[in-house]
Every structure is written in C-alpha cells, then in structure tokens.
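Asker:
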Ligand SMILES: Nc1nc2c(c(=O)[nH]1)N(C=O)[C@@H](CNc1ccc(C(=O)N[C@@H](CCC(=O)O)C(=O)O)cc1)CN2
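Residue numbers (my numbering): -5 to 424.
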C-alpha cells in the first residue's frame, strides 16, 4: 500500500490562477521525467512543457523534491499548473496512466509521520494550522508544529526511562549492593514528574479553548436585547429581533475574532416563567448553554435588576446593562445601547480582556486536544499508582503503563488504531 505513488491537488477548488498538484512515492522520478523531460535540479522552480505522449498538457512550473529531504520523506514533485478543469483532469489522467493514484485524505502527512519526518503531535498541529481562523489559533498550531509539546512529552518519557532503569536495578539487586537513597531518589523523581503532569493538566483548558474557540453565551430576561447585541457583535442580522418578548426560541451562534481569539457567541431564549411549551424548551436549552459557557454575558435593562444566574460562578459572568439610551446604567456596571452603539467598544474590549485571561498560558506548551488530556491523565494516574505500589515489581509495571501512555501521544509506540482517527479528518492533498 505505502509503496503506491499518490497525487492530489494541494490548492483550493474553484476559479484560480494556479493549481498545484503534488505527487509523492517511488515512481515520482520516472513519472516526472515522462511528462516534463529530464529531471530539474532538486527544489528549484523550473519552467517546463508538460506532455502526455505527443499531447501538450501545459507550460508549468515544476519542482523536483527528491527524498529524504522532502515533506513526506519520499521522492516527490509539484506541478504549478494554470488552473482550469481541462488541464487538471488531463494531467491527472496522465499521472494515473503512468502509475500514480489519487491520495486519501491526510495521506501526504501520514507518510511524513510514517517516515519519521514528524510525530503525531506535529501532524495534529498541521491539521490545526490549516483550520486556524484566528491569530491565536495560528500561533498555537505553529508552536505545536515546531515540536514544543513533543519536546515536553519526550523529556518526560526520557526521565521515566531513567527512573525505570533505577527501578529495574532495585529489583535485580535487592537490598545488598544499593545505597538506600536510590529508592528515595526514585520516589522523589516519580512525585516530581506527577506534579508536573498535574500542573500541565490543571491549565484551565487553555490550549483546548484556543483551538475550539471560547464559548460566550448571552443570557438574561426576555426583551433585554440579547439578539440585538448578538447582531451588533456579529456585524450582521444573525438573530431575529422584534419588540415582542420571547422571540428567540432556539440558541443561535456566531463565530467572532475577539482580539485574535476565536469566540463562539450564542444568543439564547429569554429566561422567564412561561406556559408556552416551545418557549419553555428554548429556556431549558438556554440554561444548558449557560452552564456550558466559558463566559456568560448577563444582559438586563434598568430598572429590572436581575437575580444571579444559578449554577454559574460569578467570575464567569459579565453583567451588562442594555438600552442606556432609555435608562442610564448604574455606577460600576458596564452600560451599552445595542441600538445606538454606545458602550459597544468598551464591551468588546472587556470581552477581549476576559478571553485573554482565559487563554493566557504561562510560557509552556499547552495541550490542545482531548486525546492529549486523556493520555497525560493516564500517565499521571499510573505514576500515582507507582507511588502507592507496595512491591517493586508493581511499581515497575505502573511506570511502564505511564511510558506507554506518553509514547502513544507522540506516536512513538503502538498507535496503528489511532492513525485513522488522526489522519482521516484531514483534507485531501495534505
Ligand atoms: N509549494 C509548497 N508550499 C508549501 C508546502 C509544500 O509542500 N509545497 N508545505 C508543505 O506542507 C508547507 C511548507 N512545509 C514544508 C516542510 C518541509 C518541507 C521539506 O521538504 N523539507 C525538507 C527539505 C528542506 C530544504 O529545502 O532544505 C527537509 O526538511 O529536509 C517542505 C515544505 C507550506 N508551503
């Protein structure tokens, strides 16, 4: 399978000036010679006439990318073609005739992983980089792609290996030859590592928040102007606005860039007692969103001071007074008018500060996916198990469980079953 030569369009669909086809695999050299004549110098853009037999396909820029110094680690090439359906399908036909086949989603990056060019955390970072919509997401993906998280986990695995070696020594040479401080030092080493993993896990989900986007929910009484606020923040009419209380029944979400951070803002049904079954379901959903939110904007209008939201910590709530064009906001409360736009700049600035506070990471590389959290949790639990173990043999086994959990994160050990999940979500051509 993996000795197939694969190809895919690396650029987007639709009208464009240039289309890049990328090809990787053992037949790349012979195929390029067949369509472009002799091989150009490695990694240098060269203009060539592409032919299939006597048929001229295009005049194109060609890159010859011999392995192992290539993205996939294999021989490969790129064709920078004039964009257009006829060129693309005729060149694809020529590639198939010469023994290549279309690539599966993520197959180029999967080959880069298989050939040891990148580890699994870096492969995930490439997917995140392509998906990134905001600057913060881009920076986080680039940091992980440069191997920041890999280095942290590799360093922990290295320390575990040393601890495990000392542990083996304790088992092989019981009592006699070894000074007592060997076991004490070993236990301190395990405790230190576990504490570092705890700190890494207790990061307020910063990396995951940046990657997924911060969830901000607008809640409050009917007719407080929640939908109007969503619309002005979104800069478009996403939610229906009327002067009738109870207009919003279902939650409506828009994605925003708040100071470089991705935020998903959700407008919810107004909270009140109601006989209307549909509105009641809307309110049930509103409460569900409020409880899940990273930040709640509690909107109200003077003089109807709201009761605190049940089940939401106060530090996660920003109380905002709307309709200041009708009634001024009391001292110390952020006032806005969704209709005149007064105070909106201050609200956006405050939201950006809150979001930055939620996502600010103290230097070290944050974990960014549930997969990472599960792996580190497993390793941390195994270390705790090792600290409690009554027998050296049991301690050794728990340390090996921790090692394997770390190894699966970078892809250094047994991840065959994981690869489909990681690479299947890529786009074709990556
Ligand atoms: N045209 C084009 N642009 C592209 C890519 C590509 O494949 N083709 N990339 C693909 O995703 C990204 C750049 N990433 C890359 C990472 C590694 C290598 C690579 O071949 N590295 C070799 C050789 C480096 C060199 O020229 O000396 C190496 O590290 O050994 C290429 C691209 C974004 N832009």
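Quick reminder that beta carbons are idealized off the backbone N, C-alpha and C, glycines included.
Quick one: Cα of residue 52 to Cα of residue 28, how far?
Answerer: Residue numbering aside, residue 52 sits at position 58 when the chain shown is read from its first letter. Residue numbering aside, residue 28 sits at position 34 when the chain shown is read from its first letter. Their Cα atoms are separated by approximately 14 Å.
Asker: Residue 359 and residue 138 look like a contact to me (Cβ under 8 Å); what is the Cβ gap, rounded to whole Å?
Answerer: Your numbering for residue 359 matches position 365 in the chain shown. Your numbering for residue 138 matches position 144 in the chain shown. Their Cβ separation, rounded to whole angstroms, is 7 Å, which keeps residue 359 and residue 138 in contact under 8 Å.
Asker: Please specify which runs of the beta strand (DSSP E), each continuous and at least 3 residues long, are wholly inside the segment 30 to 100, giving them in chain order.
Answerer: DSSP runs (the beta strand (DSSP E)) wholly in the segment 30 to 100: 40 to 46, 49 to 59, 70 to 76 and 94 to 96.
Asker: Look up residue 2 in the DSSP assignment and give the residues it is bridged to.
Answerer: Sequence index remark: in the chain shown, residue 2 carries index 8 (1-based). Bridge partners of residue 2: 16.
Asker: Taking Cβ to Cβ, would you say residue 188 is nearer than 7 Å to residue 374?
Answerer: Taking the chain shown and counting its residues from 1, the one referred to as residue 188 is at position 194. Taking the chain shown and counting its residues from 1, the one referred to as residue 374 is at position 380. Yes, the pair counts as a contact, with Cβ atoms nearer than the cut-off.
Asker: Decide if the segment -4 to 16 is in contact with the segment 89 to 97; the criterion is three or more beta carbon pairs, one per stretch, under 8 Å apart.
Answerer: Yes: the two stretches touch, three or more of their Cβ pairs being nearer than 8 Å.
Asker: I believe residue 203 touches residue 227 by the beta-carbon criterion, under 8 Å. Please report the beta-carbon distance rounded to the nearest angstrom.
Answerer: The sequence position of residue 203 within the chain shown is 209, counting from 1. The sequence position of residue 227 within the chain shown is 233, counting from 1. Actually they are not in contact, since the Cβ atoms of residue 203 and residue 227 sit about 19 Å apart, beyond 8 Å.
Asker: I need the boundaries of the alpha helix (DSSP H) containing residue 395, first residue and last residue.
Answerer: Stepping through the chain shown from its first residue, residue 395 is reached at position 401. That run of the alpha helix (DSSP H) goes 386 to 404.
Asker: Does residue -5 come out as helix, strand or coil in the three-state DSSP assignment?
Answerer: Residue numbering aside, residue -5 sits at position 1 when the chain shown is read from its first letter. Confidence in residue -5 is poor, its pLDDT being 48 and thus under 50, which makes the residue's placement too unreliable to answer from.
Asker: Closer than 6 Å: is that where the CB of residue 144 sits relative to any heavy atom of ligand 1?
Answerer: As a first step, residue 144 must be located in the chain shown, where it is residue number 150. No, ligand 1 has no heavy atom inside 6 Å of this Cβ.
Asker: CB-CB under 6 Å to residue 47, same chain, minus the five flanking residues each way: which ones, in chain order?
Answerer: Position 53 of the chain shown, counting from 1, holds the residue named residue 47. The answer is none, since no qualifying residue turns up.
Asker: Tell me the rounded alpha-carbon separation between residue 45 and residue 30.
Answerer: For the purposes of this step, residue 45 is taken as residue 51 along the chain shown, with counting starting at 1. For the purposes of this step, residue 30 is taken as residue 36 along the chain shown, with counting starting at 1. For residue 45 and residue 30, the distance between alpha carbons rounds to 7 Å.
Asker: Rounded to the nearest angstrom, how far is the Cβ of residue 286 from that of residue 221, given a contact under 8 Å?
Answerer: As a first step, residue 286 must be located in the chain shown, where it is residue number 292. As a first step, residue 221 must be located in the chain shown, where it is residue number 227. Not confirmed; about 20 Å, so no contact.
Asker: Are there 16 or more other CB atoms within 10 angstroms of the CB of residue 417, so buried, or fewer, so exposed?
Answerer: Translated into the one-based positions of the chain shown, residue 417 becomes position 423. The residue in question, residue 417, is buried, as its Cβ has 16 or more Cβ neighbours within 10 Å.
Asker: Report the start-end ranges of each beta strand (DSSP E) in the segment 198 to 239 that is 3 residues or longer and not cut off at the edges.
Answerer: The segment 198 to 239 contains these whole beta strand (DSSP E) runs: 208 to 214.
Asker: Once DSSP output is grouped into helix, strand and coil, what is the label at residue 335?
Answerer: Position 341 of the chain shown, counting from 1, holds the residue named residue 335. Residue 335: coil per DSSP, three-state reduction.
Asker: Could you tell me the alpha carbon to alpha carbon distance between residue 74 and residue 232, rounded to whole angstroms?
Answerer: Here residue 74 is taken as the residue at index 80 of the chain shown, counted from 1. Here residue 232 is taken as the residue at index 238 of the chain shown, counted from 1. Using only the alpha carbons, I get a separation of about 40 Å.
Asker: Assuming residue 200 and residue 103 are in contact, meaning their beta carbons sit under 8 Å apart, how far apart are those beta carbons, in whole angstroms?
Answerer: Here residue 200 is taken as the residue at index 206 of the chain shown, counted from 1. Here residue 103 is taken as the residue at index 109 of the chain shown, counted from 1. No, residue 200 and residue 103 are not in contact; Cβ-Cβ is about 25 Å, not under 8 Å.
Asker: Going by the beta-carbon positions, is the gap between residue 184 and residue 261 smaller than 7 Å?
Answerer: Your numbering for residue 184 matches position 190 in the chain shown. Your numbering for residue 261 matches position 267 in the chain shown. Not in contact: residue 184 and residue 261 (Cβ atoms no closer than 7 Å).
Asker: CA-CA distance, residue 238 and residue 144?
Answerer: Position 244 of the chain shown holds residue 238. Position 150 of the chain shown holds residue 144. Distance between the alpha carbons of residue 238 and residue 144 is about 54 Å.
Asker: Please classify residue 291: is it buried, with 16 or more other beta-carbons within 10 angstroms of its beta-carbon, or exposed?
Answerer: Here residue 291 corresponds to residue number 297 of the chain shown, with the count starting at 1. So residue 291 counts as buried.
Asker: So, are the CB atoms of residue 198 and residue 346 less than 7 Å apart?
Answerer: The sequence position of residue 198 within the chain shown is 204, counting from 1. The sequence position of residue 346 within the chain shown is 352, counting from 1. Cβ atoms of residue 198 and residue 346: not closer than 7 Å.
Asker: Give the straight-line distance between the Cα atoms of residue 279 and residue 181, rounded to the nearest whole angstrom.
Answerer: One-based indexing of the chain shown puts residue 279 at position 285. One-based indexing of the chain shown puts residue 181 at position 187. Straight-line Cα distance between these residues: approximately 49 Å.
Asker: Let me know if residue 64 comes out buried or exposed under the rule of 16 or more other beta-carbons within 10 Å of its beta-carbon.
Answerer: Along the chain shown, one-based indexing puts residue 64 at 70. By the neighbour-count rule (16 or more Cβ atoms within 10 Å), residue 64 is buried.
Asker: Answer yes or no: the CB of residue 64 versus the heavy atoms of ligand 1, is any distance below 6 Å?
Answerer: Locating residue 64 in the chain shown gives position 70, where the first residue counts as 1. It does: the Cβ of residue 64 is within 6 Å (strictly closer) of some heavy atom of ligand 1.
Asker: Our contact map puts residue 293 next to residue 223 with C-beta atoms below 8 Å; I'd like the distance itself, whole angstroms only.
Answerer: Counting from one through the chain shown, the residue named residue 293 turns up at place 299. Counting from one through the chain shown, the residue named residue 223 turns up at place 229. That pair is a contact at about 6 Å.
Asker: Just the C-alpha distance for residue 368 and residue 72, rounded to the nearest angstrom, thanks.
Answerer: Taking the first residue of the chain shown as position 1, residue 368 is located at position 374. Taking the first residue of the chain shown as position 1, residue 72 is located at position 78. Going from the Cα of residue 368 to the Cα of residue 72 covers about 38 Å.
Asker: By the DSSP assignment, the beta strand (DSSP E) with residue 291 in it spans what residues?
Answerer: The count along the chain shown starts at 1 and reaches residue 291 at position 297. Where residue 291 is concerned, the enclosing beta strand (DSSP E) stretches over 289 to 295.
Asker: Locate the alpha helix (DSSP H) running through residue 176, then write down its first and last residues.
Answerer: Start at 1 with the first residue of the chain shown, and residue 176 comes out as number 182. Counting along the chain, the alpha helix (DSSP H) containing residue 176 begins and ends at 175 to 195.
Asker: Can you tell me which of 296, 348 and 43 puts its alpha carbon nearest to the alpha carbon of residue 330?
Answerer: Looking up residue 330 in the chain shown gives position 336. For the residues 296, 348 and 43, the minimum Cα distance to residue 330 belongs to 296.
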